[in-house]
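Residue numbers for the sequence shown follow full-length UniProt numbering, so the first one is 1 and each next one is one higher.
Every residue gets a Cβ at the ideal spot worked out from N, C-alpha and C, and that includes glycine.
Only a predicted model underlies this, so the values are computations on that prediction, with no experimental measurement involved.
Here's the structure we're looking at; comments come further down.
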Amino acid sequence: MTRDEITLVTFNIWFSDLHAEERYRAIADLLARKMPDVMVFQEVTPAALDLFLAQPWIRVRYRRAEVTGGDRGNYGMLMLSRLPIDNVTYTRLPSNLARGFLTAELYAGGSTLTVVAAHLESGKAAARLREHQLGRIFRSLRRVENGVVLGDFNMRDVENERITEPYRDLWPVLRPDDDGFTEDTTINLMRLDSKNKHRHVRFDRVLLKGERWAATHIELLGTEPISSALPRVFPSDHFGVLCRLERTALAPAESEWRQRFWRR
Numbered sequence: 001m002t003r004d005e006i007t008l009v010t011f012n013i014w015f016s017d018l019h020a021e022e023r024y025r026a027i028a029d030l031l032a033r034k035m036p037d038v039m040v041f042q043e044v045t046p047a048a049l050d051l052f053l054a055q056p057w058i059r060v061r062y063r064r065a066e067v068t069g070g071d072r073g074n075y076g077m078l079m080l081s082r083l084p085i086d087n088v089t090y091t092r093l094p095s096n097l098a099r100g101f102l103t104a105e106l107y108a109g110g111s112t113l114t115v116v117a118a119h120l121e122s123g124k125a126a127a128r129l130r131e132h133q134l135g136r137i138f139r140s141l142r143r144v145e146n147g148v149v150l151g152d153f154n155m156r157d158v159e160n161e162r163i164t165e166p167y168r169d170l171w172p173v174l175r176p177d178d179d180g181f182t183e184d185t186t187i188n189l190m191r192l193d194s195k196n197k198h199r200h201v202r203f204d205r206v207l208l209k210g211e212r213w214a215a216t217h218i219e220l221l222g223t224e225p226i227s228s229a230l231p232r233v234f235p236s237d238h239f240g241v242l243c244r245l246e247r248t249a250l251a252p253a254e255s256e257w258r259q260r261f262w263r264r
């Protein structure tokens, strides 16, 4: 069957121990209702990984790629896909925080879509390093016709000029009149309590390259407390981002790409 649309989610789930199990369960329950085709997570602790992989809906339906623990610190990244997944690699970035990116080729809509899960350096002082890291990711995709880069970019608005063609930053494309803050202490009281300072930034992003897919929808996830009993506890200090892509008329015949993908 030809797949005409796919949904992708990025979620920095926060490695803090603060109500960690309850928060991770809230994220899993939220995503179970959405059932995205591709999910990428940052700050995944071993405990979070165990909880996610124990979910029956994930265990049965999803393939996974993970980078957690070890010399990458006390947390890592996870990619889950309901689509056929191939050629998964992890690439280290120049970093003071053991940052890197996961790359995978997914079979979707009669073609190959390259998905990169990224977690760039944090902190205002690391702006130049983030620029270098993002350039390294873009160079890795220079021969890729259709790709998505999503994750926690840690970029402020003053750094937006670093995202240029052929990449489109999908939040301002689809919702130009909405700030789309993914760290927002006006809403997320847990983030305010944890740092005791206000922050309104759009760290978490989805970038699209190529013409095979067109973005049709984007929204924030995890914007409400996890329960009425814990009104100041949210699923994470970040909001997640869900994006929907639709296959364009440029996509080739399904049977042609299916044969090419599985022949590898």
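What did DSSP end up calling GLY110 once you bin it into helix, strand or coil? As a first step, residue 110 is located in the sequence shown; it is residue number 110 there, counting from the start. Three-state DSSP puts GLY110 in coil, outside helix and strand.
In angstroms, rounded to a whole number, what distance separates the CA positions of GLY240 and TRP14? As a working note, residue 240 is residue 240 in the sequence shown. As a working note, residue 14 is residue 14 in the sequence shown. Distance between the alpha carbons of GLY240 and TRP14: 11 Å.
Going by DSSP in three states, ASP169 sits in which element: helix, strand or coil? Stepping through the sequence shown from its first residue, residue 169 is reached at position 169. The three-state reading of DSSP puts ASP169 in strand, counting E and B together.
Under 8 Å between C-beta atoms of HIS198 and THR182: Position 198 of the sequence shown, counting from 1, holds the residue named residue 198. Position 182 of the sequence shown, counting from 1, holds the residue named residue 182. Against a cut-off of 8 Å, the Cβ pair of THR182 and HIS198 comes out as no contact.
Could you tell me the boundaries of the alpha helix (DSSP H) in which ARG136 lies? Position 136 of the sequence shown, counted from the first residue, corresponds to residue 136. From DSSP, the alpha helix (DSSP H) with ARG136 extends over 127-140.
So, with DSSP's three-state summary, where would you put ASP37? Position 37 of the sequence shown, counting from 1, holds the residue named residue 37. Under the three-state reduction of DSSP output, ASP37 falls in the coil class, being neither helix nor strand.
Identity of the residues DSSP links to ASP86 by a beta bridge: Locating residue 86 in the sequence shown gives position 86, where the first residue counts as 1. The secondary-structure analysis by DSSP pairs ASP86 across a beta bridge with GLU105.
Kindly indicate which three-state DSSP category TRP57 falls into: helix, strand or coil? Start at 1 with the first residue of the sequence shown, and residue 57 comes out as number 57. Here TRP57 sits in helix by DSSP.
Let me make sure I understand the geometry here. Which of HIS217, PRO235 and TRP171 has the alpha-carbon closest to that of VAL206? Locating residue 206 in the sequence shown gives position 206, counting from the first residue. Nearest C-alpha to VAL206 among HIS217, PRO235 and TRP171: TRP171.
Would you check if the distance between the CB atom of VAL116 and the CB atom of ARG156 is smaller than 8 Å? Numbered from its first residue, the sequence shown carries residue 116 at position 116. Numbered from its first residue, the sequence shown carries residue 156 at position 156. No, the Cβ-Cβ distance between VAL116 and ARG156 is not below 8 Å.
CA nearest to the CA of VAL233, picked from ALA215, PRO166 and ILE187: On the sequence shown, residue 233 is found 233 positions in, with the first residue counted as 1. Residue ILE187 is the option with its Cα nearest to VAL233.
Separation of LYS34 from ARG61, as counted between CA atoms: Position 61 of the sequence shown, counting from 1, holds the residue named residue 61. Position 34 of the sequence shown, counting from 1, holds the residue named residue 34. Cα-Cα distance, rounded: 13 Å.
In whole angstroms, give me the CA-to-CA distance for ASN196 and TRP57. Here residue 196 corresponds to residue number 196 of the sequence shown, with the count starting at 1. Here residue 57 corresponds to residue number 57 of the sequence shown, with the count starting at 1. Taking the straight line joining both Cα atoms gives about 37 Å.
Could you spell out the range, first to last residue, of the alpha helix (DSSP H) harbouring ASP179? If you number the sequence shown from 1, residue 179 lands on position 179. ASP179 -> no alpha helix (DSSP H), and no H or E assigned at all.
Of the listed residues ALA214, PRO46, VAL40 and ALA47, nearest to ALA65 (C-alpha basis): Against the sequence shown, residue 65 aligns to sequence position 65. Closest option to ALA65, Cα to Cα, is VAL40.
Given a threshold of 16 other Cβ atoms within 10 Å of its Cβ, counted over all protein chains shown, does GLU224 qualify as buried or as exposed? One-based indexing of the sequence shown puts residue 224 at position 224. Result: exposed.
With DSSP collapsed to three states, give me the class of ARG191. Your numbering for residue 191 matches position 191 in the sequence shown. When DSSP states are grouped into helix, strand and coil, ARG191 belongs to the helix group.
Which residues share a DSSP beta bridge with ARG244? Start at 1 with the first residue of the sequence shown, and residue 244 comes out as number 244. When DSSP reads this structure, ARG244 sits in a beta bridge with THR7 and HIS217.
Excluding sequence positions up to five away, which residues of its chain have a Cβ less than 7 Å from the Cβ of ILE226? Position 226 of the sequence shown, counted from the first residue, corresponds to residue 226. The residues are GLU22, ARG23, ALA26, VAL233, PHE234 and PRO235.
Excluding five sequence neighbours on each side, which residues of the same chain lie with their C-beta closer than 8 Å to the C-beta of LEU51? The residue labelled residue 51 in the question sits at position 51 within the sequence shown. These residues qualify, in order along the chain: GLU21, TYR24, ARG25 and ALA28.
Through-space distance from HIS132 to LEU97, alpha-carbon basis: Looking up residue 97 in the sequence shown gives position 97. Looking up residue 132 in the sequence shown gives position 132. In this structure, the alpha-carbon of LEU97 lies about 14 Å from that of HIS132.
Once you ignore the five residues that flank ARG263 on each side, which residues in its own chain have a CB closer than 7 Å to its CB? Along the sequence shown, one-based indexing puts residue 263 at 263. Model confidence at ARG263 stands at a pLDDT of 49, short of 50, so the residue's coordinates are unreliable; what they give is reported in the following sentence. Residues of the same chain with a CB within less than 7 Å of the CB of ARG263, apart from the 5 flanking positions on each side, do not exist.
With a cut-off of 8 Å on the beta carbons, I'd call GLN42 and MET77 a contact; round off their distance for me. As a position in the sequence shown, residue 42 is number 42, starting the count at 1. As a position in the sequence shown, residue 77 is number 77, starting the count at 1. Between GLN42 and MET77, the beta carbon gap of about 6 Å places them in contact (Cβ cut-off 8 Å).
Opposite LYS209 in the DSSP bridges: which residues? Translated into the one-based positions of the sequence shown, residue 209 becomes position 209. Bridge partners of LYS209: GLY147 and TYR167.
How about THR7 and ASP37: are their beta carbons less than 8 Å apart? By 1-based counting over the sequence shown, the position of residue 7 is 7. By 1-based counting over the sequence shown, the position of residue 37 is 37. Against a cut-off of 8 Å, the Cβ pair of ASP37 and THR7 comes out as a contact.
Residues in the same chain with beta-carbon distance under 6 Å from GLU105, minus the five sequence neighbours each way, listed in chain order, please. Against the sequence shown, residue 105 aligns to sequence position 105. Contacts found: ASP86, ASN87, THR112 and THR114.
Closest by C-alpha distance to ARG142, when choosing among THR91, GLU246 and LYS209: Within the sequence shown, numbered from 1, the residue matching residue 142 stands at position 142. Nearest C-alpha to ARG142: LYS209.
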